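Participant: Sequential numbering of the sequence shown, starting at 1164, is according to the working numbering. Glycine included, each C-beta is placed from N, C-alpha and C at the ideal position. No experiment lies behind these values; they were computed from the predicted model shown.
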Amino acid sequence: MDTLHSITQLRLALDPVRRSSQRIAVVPTMGNLHEGHLSLVEKALERAELVVATIFVNPMQFGANEDLDNYPRTLSEDQEKLQAAGCHLLFAPNTREIYPEGLDGHSVVHVPVISELHCGASRAGHFDGVTTVVCKLLNIVQPDIAVFGLKDYQQFQVVRKMIDDLCLAVELIGVETRRDSNGLALSSRNGYLDDIEKDRATRIYGILREIRSAIEAGHHDYRKLEADARTRLAESGLTPDYFAICNAQTLQPANRNDDELIILTAAWVKQTRLIDNIRVSLRGNQPTGDVHVHQ
Ligand code: PAF
1164 MDTLHSITQL RLALDPVRRS SQRIAVVPTM GNLHEGHLSL VEKALERAEL VVATIFVNPM
1224 QFGANEDLDN YPRTLSEDQE KLQAAGCHLL FAPNTREIYP EGLDGHSVVH VPVISELHCG
1284 ASRAGHFDGV TTVVCKLLNI VQPDIAVFGL KDYQQFQVVR KMIDDLCLAV ELIGVETRRD
1344 SNGLALSSRN GYLDDIEKDR ATRIYGILRE IRSAIEAGHH DYRKLEADAR TRLAESGLTP
1404 DYFAICNAQT LQPANRNDDE LIILTAAWVK QTRLIDNIRV SLRGNQPTGD VHVHQ
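This is how it looks when you write it as structure tokens:
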């Protein structure tokens, strides 16, 4: 597997692949890869002849007081993992390659409303950074398929709307969240947790499951369930940021008429902010598995 650092090199490498009509899939990441990322590569390999992973810790999506400087950068381990997973190319640009004139004055892709809720409300400008860099990566790689993890469910829906609104010719695939045996969603930020904190963090998924069971059992006072869940998080030693039962597409607060729901949460374990979610279908089927969005 080659690692390319410049846009020019990457375009040169991809041109013949595109001309030979082979499908290209991209897996955008910020590195520090775990099994969750590798499952995205695995999915991409099922759907395309050539898989490009990208590793770029995107400064535009971090707030001033967030963990940009401490975000784990583990390029050589990541290269080994990608190679073993069968990935064909790694694009690992530096900040100058992506933002040659810096961030100030750079064009920004803003997806209104959906990007301003939940994580967008707590992390002002976060999704503008995500959509701007994802739009750039899609324009650089020009893939047929883009694969994202559903742990970042709001990110997935924001990217989906950007792709729709801007008529980007790419198929989007969302891959089911990978979890530890105790239910904790795999995340690069789990590396910030000690054993006690990790143990506490497992309650996040536990509470999501409890609330899903309550909804499936017929409890429809969603605002009360959200308040209960926040209390349970706090009682478990976590600091809830938000806990929201939403329409699975719009991410607006769910009401009795919605039958496809997503429960989204973010909570702090000491200094570490973790997110997770669970899908609920009131149509009688259990909504698990990957999500495919065809353009
Ligand atoms: O999910 C991530 O790792 C990042 O938000 C992404 C999509 C690679 C954009 O920087």
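Within the same chain, show all residues whose beta-carbon is closer than 7 angstroms to that of residue 1313, passing over the 5 residues directly before and after it, in chain order.
Facilitator: Here residue 1313 refers to the residue found at position 150 when the sequence shown is read from its first residue. So the qualifying residues of the chain are 1319, 1337, 1338, 1339, 1340 and 1454.
Participant: Pull up the distance between the alpha-carbon of residue 1177 and that of residue 1378, whole angstroms please.
Facilitator: Against the sequence shown, residue 1177 aligns to sequence position 14. Against the sequence shown, residue 1378 aligns to sequence position 215. Residue 1177 and residue 1378: Cα-Cα distance of roughly 48 angstroms.
Participant: With DSSP as the reference, label residue 1262 as helix, strand or coil.
Facilitator: On the sequence shown, position 99 is the one that residue 1262 refers to. Note: residue 1262 maps to coil in three-state DSSP.
Participant: Leaving out five residues before and five after residue 1166 in sequence, what residues of the same chain have Cβ atoms less than 7 angstroms from its Cβ?
Facilitator: Start at 1 with the first residue of the sequence shown, and residue 1166 comes out as number 3. Once the five neighbours on either side are set aside, the close Cβ partners of residue 1166 are 1242, 1253 and 1255.
Participant: Let me know the secondary structure DSSP gives residue 1199 once reduced to three states.
Facilitator: The residue given as residue 1199 occupies position 36 in the sequence shown. Reduced to three states, the DSSP call for residue 1199 is helix.
Participant: Which residue or residues does DSSP assign as beta-bridge partners of residue 1440?
Facilitator: Position 277 of the sequence shown holds residue 1440. 1427.
Participant: Using a Cβ-based criterion (distance less than 7 angstroms to any ligand heavy atom), does residue 1193 qualify as near the ligand PAF?
Facilitator: In the sequence shown, counting from the first residue as 1, residue 1193 sits at position 30. Within the cutoff, so yes.
Participant: If you draw a straight line from the alpha carbon of residue 1327 to that of residue 1359, how long is it in whole angstroms?
Facilitator: Counting from 1 along the sequence shown, the entry for residue 1327 is found at position 164. Counting from 1 along the sequence shown, the entry for residue 1359 is found at position 196. Taking the straight line joining both Cα atoms gives about 43 angstroms.
Participant: Spatial neighbours of residue 1311 within its chain, please: CB distance less than 6 angstroms, with the 5 preceding and 5 following residues excluded, ordered by chain position.
Facilitator: Here residue 1311 corresponds to residue number 148 of the sequence shown, with the count starting at 1. Here the set comprises 1319 and 1337.
Participant: So the beta strand (DSSP E) residue 1312 belongs to, where does it begin and stop?
Facilitator: What you label residue 1312 is simply residue 149 of the sequence shown in a count that begins at 1. Run containing residue 1312: 1308-1312, per the beta strand (DSSP E) assignment.
Participant: Report whether the distance from the Cβ of residue 1318 to the nearest heavy atom of the ligand PAF is below 7 angstroms.
Facilitator: Taking the first residue of the sequence shown as 1, we reach residue 1318 at position 155. For the ligand PAF, at least one heavy atom lies less than 7 angstroms from the Cβ of residue 1318.
Participant: My understanding is that residue 1307 touches residue 1170, with C-beta atoms under 8 angstroms, so please give their C-beta distance in whole angstroms.
Facilitator: Numbered from its first residue, the sequence shown carries residue 1307 at position 144. Numbered from its first residue, the sequence shown carries residue 1170 at position 7. Not really, about 19 angstroms apart at Cβ, beyond 8 angstroms.
Participant: If you draw a straight line from the alpha carbon of residue 1334 to that of residue 1354, how long is it in whole angstroms?
Facilitator: Position 171 of the sequence shown, counted from the first residue, corresponds to residue 1334. Position 191 of the sequence shown, counted from the first residue, corresponds to residue 1354. Answer to the nearest angstrom: the Cα atoms are 32 angstroms apart.
Participant: Can you tell me whether residue 1213 is helix, strand or coil according to DSSP?
Facilitator: As a working note, residue 1213 is residue 50 in the sequence shown. Residue 1213 falls in the strand class under three-state DSSP.
Participant: Can you tell me which of 1282, 1221 and 1284 puts its alpha carbon nearest to the alpha carbon of residue 1260?
Facilitator: As a position in the sequence shown, residue 1260 is number 97, starting the count at 1. Answer by Cα proximity: 1221.
Participant: Quick check on residue 1224: buried or exposed, where buried means 16 or more other Cβ atoms within 10 Å of its Cβ?
Facilitator: Taking the sequence shown and counting its residues from 1, one reaches residue 1224 at position 61. With 16 or more other Cβ atoms within 10 Å, it is buried.
Participant: Assuming residue 1237 and residue 1194 form a contact by the criterion Cβ under 8 angstroms, report the distance between their Cβ atoms to the nearest whole angstrom.
Facilitator: Looking up residue 1237 in the sequence shown gives position 74. Looking up residue 1194 in the sequence shown gives position 31. Yes, they are in contact, since the Cβ atoms of residue 1237 and residue 1194 sit about 6 angstroms apart, within 8 angstroms.
Participant: Just to confirm, does residue 1333 get its C-beta within under 7 angstroms of one of the non-hydrogen atoms of the ligand PAF?
Facilitator: The sequence position of residue 1333 within the sequence shown is 170, counting from 1. Result no, Cβ not under 7 angstroms from the ligand PAF.
Participant: Below 7 angstroms CB to CB, which residues in the same chain sit around residue 1386 once its five sequence neighbours on both sides are set aside?
Facilitator: Within the sequence shown, the letter at position 223 stands for residue 1386. None.
Participant: Of the choices 1430, 1321 and 1305, whose alpha-carbon is the least far from that of residue 1414?
Facilitator: Taking the sequence shown and counting its residues from 1, one reaches residue 1414 at position 251. The shortest Cα separation from residue 1414 among 1430, 1321 and 1305 belongs to 1321.
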